[in-house]
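Counting from 1, one number per residue, gives the positions in the sequence shown under UniProt numbering. Just so it is clear, CB atoms sit at the ideal spot from N, CA and C, and this is done for glycine as well. All of these numbers come straight from a predicted model, not from anything done at the bench. See below for the structure under consideration.
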Amino acid sequence: MAVGRRDKSSQLSNRGSRIAAAIGIGVIVGCIFAFLFPHGFFSSNPPAQIRPLANSNLQVDLAPCESTEKINMLKSDIMRLSDKNVELKRQAGPFGTVKGVRTNPTVTPDESINPRLAKILAEVAVGKEIIVALANSNVKPMLEVWFTNIKKVGIPNYLVVALDDVIVDFCKSNDVPFYQRDPDETIDSVGKTGGNHAVSGLKFRILREFLQLGYSVYFQM
């Protein structure tokens, strides 16, 4: 009976020592994990999450400041432009009092350049203005429509620059004022055989003669 009690007490003491050893091991392991993982074993790095939140709050706080600065800058620009506009209005003066400056130089007529053309223009032109058409036999139908409409309207100051003899005879038969240039190989080679676009290229050379005589010219063909 005494032997059974001793065995039972020894078993209890062994069980207690095992529990104590397990507790000690658990404490040691816990200390090791606490040292190696100070933020916890399953931590998702909270400080990293806090930083973006702090930055976002900072941005939200800065946004109103930036918009206020932009508004102030726009206001200052508007004030500056308004002051400049007032100054320009003051310099220009009241509406309708500013006179334009004539930029076209006055041309002194020189009839010696082309006396024959000067004589024709003196008879046909009105107020130093004349309507001119360049034509050869290739554009004869267009020319007929042109001077027929001009006669119907009653415009007196028009002239045909005839580039070949066919147009000269055509103008004479229809009582149309005309001018035939002196022979010029450069102009005649194009003027007598060229089409509408080729003839139009001669306008600038012929225009110079009219301008040197002091006339304003309006080419229609």
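Check each candidate in the options and name the one with the smallest Cα separation from residue i.
i, options, result
"V132", "P115, P109, L163 and I113", "L163"
"V176", "I25, E144, S200 and D182", "E144"
"V139", "F204, Q220, Q91 and G154", "Q220"
"P183", "S200, K84 and I206", "I206"
"S200", "G26, K152, A135 and I155", "A135"
"G154", "V126, S137 and M142", "V126"
Tell me whether the beta-carbon of residue i lies closer than 9 Å to the beta-carbon of residue j.
i, j, result
"V166", "Q180", "no"
"F210", "L88", "no"
"E129", "S76", "no"
"V124", "N157", "yes"
"L159", "I120", "yes"
Excluding the 5 residues flanking residue i on each side, which residues of the same chain have their C-beta closer than 6 Å to its C-beta?
i, result
"residue 223", "The shown model of the chain, from 1 to 221, leaves out residue 223, and the question about it has no answer."
In the DSSP assignment, find the unbroken alpha helix (DSSP H) run with residue i in it and report its ends.
i, result
"I155", "From DSSP, I155 is part of no alpha helix (DSSP H); its letter is neither H nor E."
"Q220", "Looking at the DSSP string, Q220 is not in any alpha helix (DSSP H), and its letter there is neither H nor E."
"D165", "D165 to S173"
Looking only at its chain, what residues have a beta carbon closer than 7 Å to the beta carbon of residue i, apart from the 5 residues adjacent to it on each side?
i, result
"R208", "none"
"W146", "A133, Q220 and M221"
For residue i, which residues from the same chain have a beta carbon less than 8 Å from its beta carbon, with the 5 sequence-adjacent residues on both sides left out?
i, result
"F178", "L159, V160, V161, A162, I167, V168, C171 and K172"
So the beta strand (DSSP E) residue i belongs to, where does it begin and stop?
i, result
"A133", "E129 to A135"
Indicate whether at least one CB of chain C lies closer than 9 Å to the CB of residue i.
i, result
"M79", "Of the protein chains in this structure there is only one, and it is not chain C."
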